[in-house]
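Beneath this line is the structure, given in structure tokens, with notes to follow.
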Ligand SMILES: Cc1ncc(COP(=O)(O)O)c(C=O)c1O
Ligand SMILES: Cc1ncc(COP(=O)(O)O)c(C=O)c1O
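Chains as they are written, first to last, in the numbering used here: chain W, 676 to 929; chain L, 676 to 929; chain B, 887 to 1297; chain X, 887 to 1297.
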């Protein structure tokens, strides 16, 4: 149903916006305010990152957010409670982003079941390739949740296909090599790459890594379904405070 | 003639006294005063040490005297001039004590000739065993000077004999192992050792290393011909000044 | 990529998607090299001409006499060029890097030994080199940093997380996901995603192969026990693998007991029961983590053992009982080191000294007809600041104060 | 005692009478050992089990390419246990000491390498040990002092004379003339009274024997030149002696040029003409002395070459032209060292680096079909303070200042 939501939404919007927050950064009250602002600004779906002490695939900004959230006591249980509340309060889809150890220690089955019970619709686990994810994939399927895999410019056609087949809801295409929060050049290479992504799957495509400005989003229009804004919002909040989120988002998609 | 001087002198003294100074320590004027005091105190002969930068066989006291003398410019030439003067002024025999490099650099022949010309009667070279001393021994013989070799408690009978044969004037028996200026126990071992020295040579025997008190000298009486006082006089001078030399010496032989 | 690199359920390759082709390439190059006898020959020749393999097996006569039990033989990895077994792994991966046509290497380092070894290899092979090192360790192991920089390596202090080895590994991965095209990540121990645990163990297997031959030649029979300290597990795997087919040889791995039991006090993942199974840094093993799966701080006097995880292969050998795991505390380690220096003139690194502690506790129980082998994984020159501090050497402190005065006056 | 140990008029034994029986005993024990093949076997076994002999011969590919001339091969004495060739001499004299039934050893040391090696040998053989070290060197080489003390040796700073190597030798003799009954003086280089120059060279001859075999095996022919740094001359004698019967091999000894010519500025006794023949420290050779025969101060960035005299055997080889002597200045030495570290991942000691300087100046003139051998007498770990200062490494200074702060706060 995540997929159908996206298709439906695309009827009247040529590009959707997915934003990202690190749960409990700087604290849960602030996180809540940020969600409110983002929803009010009209984002179409949101990524909730459960902090992990070893966020291998994240860059400096999200890395720092993860460890500060943990320093301020962002336990997994609290993240679930937070997710439960936002799902109740706002009627856009939410997906989890976190590293596999968080699921593993909680119990993969139990974790997925908890997701289902609180209505989180999907998950992005950057350190869990499908080859290692059998238990997770089965559990997600049982509960009709969406495992979202990552497409990369390095992935072969076959692999893109396979990743698409293992995914539900949408696929997450990273715009470039490297970690989150670094600059990306939006140009021909990216076009070609998005073309390859399109060929590999019928699922909606979210493009992330380095999306930071109105131009970036405009560039993506028509080539992907969803623009993902991650580190940049954290930068904006750190710089100008929570109230600056709404205008920033509105400017992005204007 | 050094030997005959000693025999003659022994007629009316049962023990002779040889004192030692480091030339140019603390400076040549002081050295001169010390010689005056010593002669006035009635010493029978004197050892004049020409300073060397590597006095391997000397202990802390004489080592320090050597390097300070050098720091204050005690060149070999000055030592010769000093020796020439004391030989003129005082009618006791003087012998040089120094290390072989001083002779070698000056030229062994030239050095011995200079000794002869200024009337220094013998030499003690602690780092020159007879095996290495041929040139030196020949030159000394030519000029009728006395090469004085060292007897040690470690030396075999044969070696003592050989050392005696290579010596003229007297032999220098060290009372113990080790370097100059350390304590010596005057006891039975020393008696036995002096007995061995006596057997090995007919030359007068000077006993040195650690002779520091009236008791020490009394102990030696009858067992050796000459008591050698070295480091102790330097200690006395450093402690109580030049004027204390005479009383110290007189007390020694009283 | 297919599911692989598992040892009784430990290991695997939990890697970011972007690195999948890189790992496929590495796996292929490694398999290819492994099947090519010429590669192993080239490797052995390099280690015998650039380092001094085979390293000797030294009989510690005085220590043997002190404990009155089994003969104590010491495998001298400390004599390797750069002073530790780390050289074996690094030179092997250097050959592989060249084989893959890459021109840059990156590495993480804790004690600095692996960093120095990697920088050395890079200098010799002409690779660019970047070393990630926890800020804490940069200070603990400054002499090693100094030499890495002299060799042209860029040493980047890692300020995230606990600022030690695990964080350096994360940073190295962050570099790799960006620069994989020209860069090989020279992982320093038998941890991380497949094929690293297997590959690093393969390169270190020289130790065990030599040790087995040497002890048989020396004593005519196998040792009763083989001891090695365990950080990530590479020197232990290197020694132990030589005796896997000899069930009569007991294998003993010694971890960092630090200040004793209790999370945060030590780095003993298998000997103590503070660790639980988890997945981090790309592989599955026992980690010192909390209920939520967040990695916890660890402590050891030796930077090289101060790590939250452990080789998945050793985790498996722990479960199936083939290897016994013990822990040595900081104080025991400093004592064992001082004793070894004093009695044998050997200077085991602080990491290494953990193995000596356990051997000293046990050899007395064995018969003088028997022998044990201890792997001296490295020398302690690099540890002089740590050891001087542990021994509170006043002369050393005086010297450092004087040096500082000198620098202050220059400035 | 009879007159012996002369090499074209250099050498001899100018010793205090009290030591004559001691030298007779030493000479006899040495002769006896030398005629006993079992002794040499025992020695070789010790060096191959306690240290890692034969040490490798490493082809320096990058440096060879840089200079585009003869292939540069490096004899790896730095891989010896304790990090220098000094181990060879010391272990040999250790065996001899045991053979003579003595229970205490004393030694002098400059760089501290010989002190560490002697203390190590004493720990292994169970001898008491006292090391004499010039006060200046105690400060220059504190890390080595630290390890000597850990090994149970008493390190006595020598405050007389220039407070460097020569004064340490005098002090050692002063100890010996007192304690010869139970004590052997382990002289650290091919100097001093007979039989030391010959005996030390004999123990070091392992270097040349191995190097000759290795280079023939590697290149199928002899090297054009062999380079070694020259302090007292033991590592040079060790390498050179392997090629004495090969007139086509040019032997090059490199002394400490310090700040350049002029008495007091350097320690080059043969390469410069500031030295004259004299007799000191028990033997006859070229010394840096004044007109009166007083030894003069010397200077070198490397404590181990900072010595007034030189092996009488090398003095003879200088006179008869068999060995060419050159000098390398402090600055050249630091450059050559940095270059070698950067290009080959090898860390030659400052002493050693003197040999590299001269080789670098000349290999370009030789054909790529030819080879040269450089003796890497030791590694520079011990030199970290000196090198850091020479390179004015600000990070190192910052680190030392922080350490000092730490100690001040503890106090
Ligand atoms: C000397 C030494 N021994 C042991 C270790 C631990 O590593 P491993 O367990 O991989 O051998 C290190 C790590 O730096 C080390 O430097
Ligand atoms: C590494 C090294 N090389 C060379 C020398 C010079 O001694 P020799 O000339 O006897 O080899 C020393 C002396 O300490 C040394 O430590």
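Ideal Cβ placement from N, Cα and C applies to all residues, glycine included.
Original post:
Using the rule of at least 16 other Cβ atoms within 10 Å of the residue's Cβ for burial, across every protein chain shown, is residue 1229 of chain B buried or exposed?
Top reply: buried
**OP:** Kindly examine ligand 1 and report whether one of its heavy atoms sits closer than 6 Å to the Cβ of residue 1121 of chain B.
**Re:** yes
Original post:
Excluding the five sequence neighbours on either side, which residues of its own chain have a C-beta within less than 6 Å of the C-beta of residue 1256 of chain B, listed in chain order?
Top reply: 956, 1110
**OP:** Determine, using beta carbons only, whether residue 863 of chain W comes closer than 7 Å to chain B.
**Re:** Using beta-carbon distances, residue 863 of chain W does not count as an interface residue toward chain B, since no partner is under 7 Å.
**OP:** Compute every distance between the C-beta of residue 970 of chain B and the non-hydrogen atoms of ligand 4, then say whether any falls below 6 Å.
**Re:** Among the ligands modelled here, namely ligand 1 and ligand 2, ligand 4 does not occur.
Subject >> Sub-7 Å separation of residue 969 of chain X and residue 1265 of chain X beta-carbons >> reply: yes
Original post:
Of all the residues that make up the region 1269-1286 of chain X, which are near chain B by a beta-carbon distance shorter than 9 Å?
Top reply: For the region 1269-1286 of chain X, which is checked against every Cβ of chain B, the residues closer than 9 Å are 1270, 1271, 1273, 1274, 1275, 1277, 1278, 1279, 1281, 1282, 1283, 1284, 1285, 1286.
Subject >> Beta-carbon neighbours of residue 1263 of chain X, restricted to chain B and to distances below 8 Å >> reply: In chain order: nothing, as chain B lies at least about 15 Å away.
**OP:** Tell me whether the beta-carbon of residue 1013 of chain X lies closer than 7 Å to the beta-carbon of residue 1036 of chain X.
**Re:** no
**OP:** Answer with yes or no whether the minimum CB distance from residue 876 of chain W to chain B is below 7 Å.
**Re:** no
Original post:
What is the rounded straight-line gap between the Cα of residue 878 of chain L and the Cα of residue 728 of chain L?
Top reply: 32 Å
Subject >> Between the CA atoms of residue 1102 of chain X and residue 1019 of chain X - distance to the nearest angstrom >> reply: One Cα belongs to residue 1019 of chain X, the other to residue 1102 of chain X, and the distance between them is close to 40 Å.
Original post:
Would you say the beta carbon of residue 1091 of chain B comes nearer than 6 Å to a heavy atom of ligand 1?
Top reply: no
**OP:** Take residue 1040 of chain X as the anchor and find which of X/1005, X/1249, X/1063 has the nearest alpha-carbon.
**Re:** Ranking X/1005, X/1249, X/1063 by CA distance to the CA of residue 1040 of chain X puts X/1005 first.
Original post:
Using Cβ-Cβ distances below 9 Å, what residues of the region 872-902 of chain L are close to chain X?
Top reply: none
**OP:** Could you run through the region 736-750 of chain L and flag, in chain order, every residue whose CB is less than 8 Å away from some CB of chain X?
**Re:** 738, 739, 742, 745, 750
**OP:** Out of X/1052, X/905, X/1280, X/1246, state which residue places its alpha-carbon closest to the alpha-carbon of residue 1069 of chain X.
**Re:** X/905
Subject >> Among B/1121, B/1083, B/1084, nearest to residue 1094 of chain B - alpha-carbon criterion >> reply: Considering only alpha carbons, the answer is B/1121.
Original post:
Per DSSP, what kind of secondary structure is residue 775 of chain L in: helix, strand or coil?
Top reply: helix
Subject >> Span of the alpha helix (DSSP H), counted from its first residue to its last, around residue 978 of chain X >> reply: 972-985
Original post:
Can you tell me the Cα-Cα spacing of residue 1080 of chain B and residue 895 of chain W, whole angstroms?
Top reply: Rounded to the nearest angstrom, the two C-alpha atoms are 36 Å apart.
Subject >> Ranges of the alpha helix (DSSP H) found wholly within the region 1157-1243 of chain X, counting only runs of at least 4 >> reply: 1198-1205, 1216-1230
**OP:** Could you name the residues of chain X that residue 934 of chain B contacts, counting a contact when the two beta carbons are closer than 7 Å?
**Re:** 942
Original post:
Touching or not, the region 706-725 of chain L and the region 682-696 of chain L, by the rule of three or more beta carbon pairs under 8 Å?
Top reply: yes
Original post:
When you compare each of X/1277, X/914, X/984 to residue 928 of chain X by their alpha carbons, which one comes out closest?
Top reply: X/984
Original post:
When Cβ atoms are compared, which residues of the region 1000-1016 of chain X fall closer than 8 Å to chain B?
Top reply: 1005, 1006, 1007, 1008, 1009, 1010, 1012
Original post:
Where does the unbroken beta strand (DSSP E) through residue 1112 of chain X begin, and where does it stop?
Top reply: Here the beta strand (DSSP E) through residue 1112 of chain X covers 1111-1115.
**OP:** Could you spell out where the alpha helix (DSSP H) holding residue 733 of chain W opens and where it closes?
**Re:** Per DSSP, residue 733 of chain W belongs to no alpha helix (DSSP H) and is neither H nor E.
Original post:
Of the choices X/954, X/1007, X/988, X/973, whose alpha-carbon is the least far from that of residue 946 of chain B?
Top reply: X/1007
Original post:
Taking Cβ-Cβ distances below 9 Å as the criterion, which residues of the region 1146-1178 of chain X are in contact with chain L?
Top reply: So the list reads 1162, 1163, 1164, 1165, 1166, 1167, 1168, 1170, 1173, 1175, 1176, 1177, 1178, given in the order they occur along the chain.
**OP:** List the residues of chain X whose Cβ lies closer than 8 Å to the Cβ of residue 1289 of chain B, in chain order.
**Re:** 1271, 1286, 1290, listed in chain order.
Original post:
Which term fits residue 1223 of chain B, buried or exposed, when burial requires 16 or more other beta carbons within 10 angstroms of its beta carbon?
Top reply: buried
**OP:** Tell me, please, whether the CB atom of residue 732 of chain L is closer than 7 Å to any CB atom in chain X?
**Re:** yes
Original post:
Rounded to a whole number of angstroms, what is the C-alpha to C-alpha distance between residue 743 of chain L and residue 754 of chain L?
Top reply: 14 Å
Subject >> Per-residue contacts from residue 1034 of chain B into chain X (C-beta, under 9 Å) >> reply: Correct list: empty, because the minimum Cβ distance to chain X is about 10 Å.
Subject >> Counted within 10 angstroms of its Cβ, other Cβ atoms place residue 831 of chain L as buried (16 or more) or exposed >> reply: Residue environment: residue 831 of chain L is assigned as exposed (fewer than 16 neighbouring CB atoms within 10 Å of its CB, all protein chains considered).
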